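*Asks:* The sequence shown begins at 7 in the numbering used here and counts up one residue at a time.
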Amino acid sequence: MTVDDLFDSKRSAMREEFFAKLFLLGGWLGGTDTYKRTMWAAVPDIALARAGYALTMRKGLPEHGADNQLIMAGHEAMLAQWFHRPLRRSDILLAKRWYAERSAVHAFPHELWDAILAGQGDDIYLPVDIWGFPGGQTFLPTVPWLFFEGMGGAVSYVEPAMCRYFAPIIQATKARLMKLATPRDAEFGLRASPNEVSNLVLLLARYVGGRGQLTSNDTAEFLYPELFRSIGTIGHEMMSAAQSFERSLEDAEYEMMERFVTRMGQASLLCDLVDAESVGLENALRVIR
Numbered sequence: 007m008t009v010d011d012l013f014d015s016k017r018s019a020m021r022e023e024f025f026a027k028l029f030l031l032g033g034w035l036g037g038t039d040t041y042k043r044t045m046w047a048a049v050p051d052i053a054l055a056r057a058g059y060a061l062t063m064r065k066g067l068p069e070h071g072a073d074n075q076l077i078m079a080g081h082e083a084m085l086a087q088w089f090h091r092p093l094r095r096s097d098i099l100l101a102k103r104w105y106a107e108r109s110a111v112h113a114f115p116h117e118l119w120d121a122i123l124a125g126q127g128d129d130i131y132l133p134v135d136i137w138g139f140p141g142g143q144t145f146l147p148t149v150p151w152l153f154f155e156g157m158g159g160a161v162s163y164v165e166p167a168m169c170r171y172f173a174p175i176i177q178a179t180k181a182r183l184m185k186l187a188t189p190r191d192a193e194f195g196l197r198a199s200p201n202e203v204s205n206l207v208l209l210l211a212r213y214v215g216g217r218g219q220l221t222s223n224d225t226a227e228f229l230y231p232e233l234f235r236s237i238g239t240i241g242h243e244m245m246s247a248a249q250s251f252e253r254s255l256e257d258a259e260y261e262m263m264e265r266f267v268t269r270m271g272q273a274s275l276l277c278d279l280v281d282a283e284s285v286g287l288e289n290a291l292r293v294i295r
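(1) Between Arg64, Gly71 and Lys16, which lies nearest to Thr188 when the distance is taken from Cα to Cα?
(2) Helix or strand or just coil, what does DSSP make of Val134?
(3) Using the beta-carbon count (16 or more within 10 Å), is Tyr294 buried or exposed?
(4) Consult DSSP for Ile294 and reduce its assignment to one of helix, strand or coil.
(5) Does the Cβ-Cβ distance between Trp88 and Leu132 come in under 8 angstroms?
(6) Using 8 angstroms as the threshold, is the region 39-47 in touch with the region 100-117, meaning 3 or more CB pairs across them?
(7) Could you give the distance in angstroms between the alpha-carbon of Met84 and the alpha-carbon of Met63?
(8) What beta strand (DSSP E) runs, 3 residues minimum, are completely inside the region 95-170?
(9) Touch check for the region 136-156 and the region 12-32: three-plus C-beta pairs under 8 angstroms?
(10) Three-state secondary structure (DSSP) at Ile237?
(11) Going by DSSP, which residues form a beta bridge with Leu93?
(12) Does the pairing of the region 208-223 with the region 250-260 give three or more beta-carbon distances under 8 angstroms?
(13) Would you check if the region 93-111 and the region 150-169 touch, i.e. whether three or more CB-CB distances between them fall below 8 angstroms?
(14) Figure out for me which residue from Gly36, Leu54 and Leu61 has the closest Cα to the Cα of Met168.
(15) Using only the alpha-carbon positions, how far apart do Val134 and Glu165 sit?
(16) Give every residue of the same chain whose Cβ lies closer than 6 angstroms to the Cβ of Asp129, excluding the five residues on either side of it in the sequence, and list them in chain order.
(17) Looking at the structure shown, is Ala211 part of a helix, part of a strand, or coil, going by DSSP?
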């Protein structure tokens, strides 16, 4: 096995884990709102009837250049929440017992899930058809961009998770605005994300909307080397390491810039790392010379 084979094997396993983390905490039916099971327990005939619903965005973004257009993105991550793999019959039967007997709200739509289970084996596929715009498609507010159709209770169950599409759509749309503003920009938002999975979802949406490739998330580059490129910078910690009460920040900063470039060959400056109007830019230019 070559090194490339080892990389490919690890990458495949990590991609599987990435999408599995989005999947209903392992396939438990609780990935919806409580009222979904109370409603469809009360009116099982409606739960079994064919139905559908559409998702729309109420308004566009306020930024200059958005022109009331939005960009479709997020299919892989959002649909993985319910459709990463089939549900398991054993999980559904266990959920029925919990919600009917142990939950604070004793209710479960037995007729709905019995109908879904009927005629299937251990792997359970939801009777839901999904229609929508492909990733990268622009669309207008109030225009339906995704439609779910099938057994009424089933399409209702997945609705809360699908409402999360708003996040990658906004991220992709903002990525387009960044591309209009500058030919190259880099993403350094890993520490601002609730978790690494959320940051990866953002990066994929950002690529769809503006082909943004540069990122400080090293995992993203390994997972999708065809999409992302890591970008190395000098961080605040290194600058601060040379500071003391006996020397100026200017001297400490210059020392670390010079040491970094001497060892690494090149560097990229973060716009918030130095004061671009005074000492920071001057130090950078001194190192370049």
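Note that CB positions come from ideal geometry on N, CA and C, so glycine has one too. Just so we're clear, the structure is a prediction, and the values are computed from it rather than from any experiment.
*Replies:* Put simply:
(1) Gly71
(2) strand
(3) Sequence check: residue 294 is Ile here, not Tyr. The residue in question, Ile294, is exposed, as its Cβ has fewer than 16 Cβ neighbours within 10 Å.
(4) helix
(5) Their beta carbons are under 8 angstroms apart, which means Trp88 touches Leu132 by this criterion.
(6) yes
(7) 16 angstroms
(8) 134-138 and 152-157
(9) Short answer: they don't touch.
(10) coil
(11) Ile130
(12) no
(13) no
(14) Taking each of Gly36, Leu54 and Leu61 in turn and checking the Cα distance to Met168, the smallest one comes out for Leu61.
(15) 11 angstroms
(16) Pro92
(17) helix
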